[in-house]
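Trainee: I have a structure here, written as structure tokens, and I will follow up with some questions on it.
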């Protein structure tokens, strides 16, 4: 023991001093630890408060979108990107001062309906029940129209599809994936093919649940779905919502518009887009045949009335809320019915 320490311990006052110093050191350590703990709890409380606020902001954004869609439906019976739901994000910046809220509504009615490529068994039965003599013909005509749209879409040159033969194989494979039977089309694939893969699985034989599911279908590669340096991806132009096979030409993107008829080129499609973007033409968009009024549009090109519409029923709503560095995004699909009822088919927050 050091001499100085022995001297301190020999003196009672020195012992008292040492104990006092030890006590102070202990209390300081406890105080620091307690302060850190309180800080963490306070920060946790702030985070919890902000998390609750973010949830409220997301629901507010969702309800704003639903209200805009209802108000638009009551105002008129056609849909364009200039409607209240399409410009919703421009008027809500001041609703939550100091925080950020973004709301985006996308019309899914302007996209290519994956599940409309093949009619379901129940849809076939209903057509035959309504028209015993001509139901089978209606089924053939419906699916033939949809196949043509898909073939034109895939062979537009925008996507990683080599030629019409590959496009035909893709359409056959997707048709087999959707239909309920196990009969392979000429270039298609059923469970016999998929169960022979290194990682086997069964053919869906039913409607696709989400666009990414196409990666399971024969021939549908990641390059085709998501694109690469030279090609666009098809996934942004597809939807699993809706089965009537009609496309809203007021909101359809260029690749989908071009797939609606033979001999439509990029220049013709651009004329359609510019016409529908002009505010002076908005009332004309109520009728799906407004394309006939477009200056310079080829008069010999007629869009099949069974393929087009000017109204929509399915919408994707995306709401992003932020407080400081905390952020949450909610996304869902909403079905707006003719009787003004709305069904939130899905909603997820991340």
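Residue numbers (this note's numbering): 931 to 1280. Don't be surprised by glycine CBs; every beta carbon is placed ideally from N, CA and C. Just so it is clear, the structure is predicted and the values come from calculations on it, not from any experiment.
Within the continuous beta strand (DSSP E) that includes residue 1253, where are the two ends?
Mentor: Counting along the chain, residue 1253 sits inside the beta strand (DSSP E) bounded by residues 1244-1253.
Trainee: State the Cα-Cα distance for the pair residue 1248 and residue 1035, rounded to the nearest angstrom.
Mentor: Going from the Cα of residue 1248 to the Cα of residue 1035 covers about 6 angstroms.
Trainee: For the pair the stretch 1187-1206 and the stretch 1077-1090, tell me if three or more CB-CB distances fall below 8 angstroms.
Mentor: yes
Trainee: Hey, could you find the ends of the alpha helix (DSSP H) residue 1052 is sitting in?
Mentor: 1051-1060
Trainee: Return the chain-ordered list of same chain residues with a C-beta closer than 8 angstroms to the C-beta of residue 1201, the five sequence neighbours on each side being excluded.
Mentor: 1224, 1225, 1226, 1227
Trainee: Residue 1177 bridges to which residues according to DSSP?
Mentor: Residue 1177 pairs with 1238.
Trainee: Output needed for residue 1196: all residues of its chain with C-beta closer than 8 angstroms, excluding positions within five of it in sequence on either side, in chain order.
Mentor: 1184, 1188
Trainee: Cα-Cα, which of 1259, 1244, 1054 is closest to residue 1250?
Mentor: 1259
Trainee: Compute the Euclidean distance between the alpha carbons of residue 1277 and residue 1063, then round it to the nearest angstrom.
Mentor: 43 angstroms
Trainee: With three or more beta-carbon pairs closer than 8 angstroms as the criterion, would you say the stretch 1167-1178 touches the stretch 1039-1051?
Mentor: They touch, by the three-pair rule.
Trainee: Less than 7 angstroms between C-beta atoms, sequence neighbours within five positions excluded: which residues of the same chain meet that for residue 1018?
Mentor: Correct list, in chain order: 994, 995, 998, 1033, 1035.
Trainee: What's the gap between the Cα of residue 1007 and the Cα of residue 1205?
Mentor: 19 angstroms
Trainee: In the DSSP assignment, the beta strand (DSSP E) including residue 1318 goes from what residue to what residue?
Mentor: The structure shown does not extend to residue 1318, since the chain is modelled only from 931 through 1280, so no value can be given for it.
Trainee: Do residue 1124 and residue 1131 come within 8 angstroms of each other at the CB atom, strictly closer than that value?
Mentor: Yes, Cβ-Cβ distance for residue 1131 and residue 1124 is below 8 angstroms.
Trainee: Write down every uninterrupted run of the alpha helix (DSSP H) in the stretch 1132-1207 whose length is 4 residues or greater and which is fully enclosed by it, in chain order.
Mentor: 1152-1156, 1184-1188, 1196-1207
Trainee: For residue 1014, which residues from the same chain have a beta carbon less than 7 angstroms from its beta carbon, with the 5 sequence-adjacent residues on both sides left out?
Mentor: 998, 1001, 1002
Trainee: Report buried or exposed for residue 1232, applying the criterion of at least 16 other Cβ atoms within 10 angstroms of its Cβ.
Mentor: exposed
Trainee: Below 8 angstroms, can you find three or more Cβ-Cβ pairs linking the stretch 1134-1141 to the stretch 1107-1116?
Mentor: A contact exists between the stretch 1134-1141 and the stretch 1107-1116.
Trainee: Which of the three DSSP states is assigned to residue 1068 in this structure?
Mentor: helix
Trainee: Using alpha carbons as the reference points, say which of 992, 1148, 1139, 1275 lies closest to residue 1115.
Mentor: 1148
Trainee: Could you check whether residue 1246 and residue 989 sit closer than 8 angstroms to each other, using their CB atoms as the reference points?
Mentor: no
Trainee: Go through its chain and collect everything with a Cβ distance to residue 1140's Cβ below 7 angstroms, but skip five positions before and after it.
Mentor: 1170
Trainee: Going by DSSP, which residues form a beta bridge with residue 1035?
Mentor: Residue pairing of residue 1035 in beta bridges, as defined by DSSP: 1247.
Trainee: When burial is assigned at 16 or more other CB atoms within 10 Å of the CB, is residue 1005 buried or exposed?
Mentor: exposed
Trainee: Less than 8 angstroms separating the beta-carbons of residue 1009 and residue 1181?
Mentor: yes
Trainee: Run the CB neighbour count on residue 1266, radius 10 Å, all protein chains shown included, and call it buried at 16 or more, exposed below.
Mentor: By the neighbour-count rule (16 or more Cβ atoms within 10 Å), residue 1266 is buried.
Trainee: Closest by CA to residue 1279, which one among 979, 978, 992?
Mentor: 992
Trainee: Report the option in 986, 1011, 1222 whose CA atom is closest to the CA atom of residue 1242.
Mentor: 1011
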